[in-house]
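Working notes, structure below.
Residue numbers (this note's numbering): 277 to 685.
Rendered as structure tokens:
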């Protein structure tokens, strides 16, 4: 199968699309990736890419076509221009560069923004290639929940954009079952919308990884670890409130692995609250290093703000946490909490509930090693059953074959 992957983010940036492209290429498919210049998350194009851009023109057998765009930089306006510049550049340059190519299908990876769909639907209109669109972040609801867009006029405009894109796709994949309905609101009941979840990256199954030297050893005590984006959506004020409530307990510490738009605020708040001896803030590391950090954790934390759209999503870190085989602490609502509870893999409280989080951290810390180990084993078994990487890519491969065959008739 000849497949065009449209993704604003791609290797050397760390996203699941890298693993998908590598696996489909390994299975013998001819893959072309239409992407931008790597600049996530820090906002500046990677120096290594600038020094040797040709070294980033192929990945695990896949051809990589990179289009010019404005880097993310800092601030909301710059981010909006980053989104729009990729969409425009990938549409125009993509159509011109790939005009003599022939693909069986286009696969769109959308963790955010939804504008990544514009190049794909433009090429569908020009070339007739069918489009499969994987929705990991539902716009405009996520924009409203994160406070990025507050204007009703602006949100309505983004909603019309979502409808424009969705109605021009052949299949839409939703990262959780709860998102299927909201997506249909924008594309109608006649559109094919299917549940297709994240999987855990291959590295997260390596529970025997040696412990990262960046984290001081803390034998016999309880380490809560958060890994991932440090942003508004993760509701760090509630995490800090919970840590404040537990600061008299010298056997509990918090380790944060990650970076994001709220990272500087979190660091300042840790100092203001005098919690420096309770928190270790280590910044961002590559996905393949995560198992070595997780080896220090007693439990892994996932959190989201209280908002209806967030209750419909399953943060990708949940699959990774479960696969690693450690108990999970969840401060979130809806689908994410359901997965943790159904897996019997940890303890949950409501999104934004700092008292609830403090209570489940305290409770988890008081469990025996065997009780926590059982939760971890349950989570790993559930991940194998529901989120197995090979099983899900098999399913996607079959769907892409079906879509391309239908389009060829």
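Yeah, the Cβ is synthetic: ideal placement off N, Cα and C, and Gly gets one too.
Everything numeric in this text was worked out from a predicted model, so none of it was measured.
Looking at the backbone, the Cα of residue 442 and that of residue 657 are separated by about 35 Å. Rounded to the nearest angstrom, the gap between the Cα atoms of residue 304 and residue 566 is 29 Å. One Cα belongs to residue 680, the other to residue 434, and the distance between them is close to 29 Å. Annotation: the continuous beta strand (DSSP E) that includes residue 607 extends over 604-607.
If you ignore the 5 residues before and after residue 540, its C-beta comes within less than 6 Å of no other C-beta in its own chain. Taking the Cα positions, residue 662 is about 28 Å away from residue 416. A residue is called buried when at least 16 other Cβ atoms come within 10 angstroms of its Cβ; residue 399 meets this threshold and is buried.
The Cβ-Cβ distance between residue 531 and residue 500 falls below 9 Å.
If you look at residue 618, you'll find it in the alpha helix (DSSP H) that goes 610-619. The alpha-carbon separation between residue 650 and residue 602 amounts to approximately 9 Å.
According to DSSP, residue 309 shares a beta bridge with 281 and 340. Counting of Cβ neighbours within 10 angstroms places residue 308 among the buried residues, the total reaching 16 or more. For residue 624, the secondary structure class from DSSP, reduced to helix, strand or coil, is strand. Per the C-alpha coordinates, the member of 448, 621, 458 and 584 positioned closest to residue 596 is 621. Residue 359 sits buried, since 16 or more C-beta atoms from the chains shown fall within 10 Å of its C-beta.
The continuous alpha helix (DSSP H) containing residue 394 extends over residues 393-403. Membership of residue 501 in the beta strand (DSSP E) is indicated by the continuous run 498-503. Rounded to whole angstroms, the gap between the alpha carbons of residue 285 and residue 362 is 10 Å. Pairing residue 448 with residue 492 gives a Cβ-Cβ distance that is not under 9 Å. By the Cβ-count criterion, residue 585 is buried, with 16 or more other Cβ atoms from all chains shown falling within 10 Å of its own Cβ.
Counting C-beta atoms within 10 angstroms of its own C-beta, residue 547 has fewer than 16 neighbours from the protein chains shown and is therefore classed as exposed. Just so you know, the alpha carbons of residue 457 and residue 465 end up roughly 9 Å apart. Going by C-alpha positions, residue 424 is about 43 Å away from residue 646. Around the Cβ of residue 320, a 10 Å sphere holds fewer than 16 other Cβ atoms; the residue is exposed.
Here the alpha carbon of residue 533 sits roughly 12 Å from the alpha carbon of residue 543. The residues 421, 422, 508, 509, 510, 511, 627 and 628, in chain order, have a CB closer than 8 Å to that of residue 581 in the same chain once the five nearest residues on each side in sequence are set aside.
Residue pairing for residue 386: DSSP places it in a beta bridge opposite 411.
From the listed residues 677, 665, 278 and 523, the smallest Cα separation to residue 472 is found for 665.
Under the DSSP definition of a beta bridge, residue 559 partners with 533. 322 is the residue among 322, 364 and 366 whose C-alpha sits nearest the C-alpha of residue 349. The alpha-carbon of residue 652 is positioned some 26 Å away from that of residue 521.
Apart from sequence neighbours up to five positions away, the residues of its chain that approach residue 623 with a beta-carbon distance below 7 Å are 605, 636, 639 and 640, ordered along the chain. Cβ-Cβ distances below 6 Å link residue 292 to nothing in the same chain once the five nearest sequence neighbours on each side are left out.
Secondary structure at residue 469: strand, using DSSP grouped into helix, strand and coil.
Beta-bridge analysis with DSSP links residue 577 to 502 and 605. For residue 449, the secondary structure class from DSSP, reduced to helix, strand or coil, is strand.
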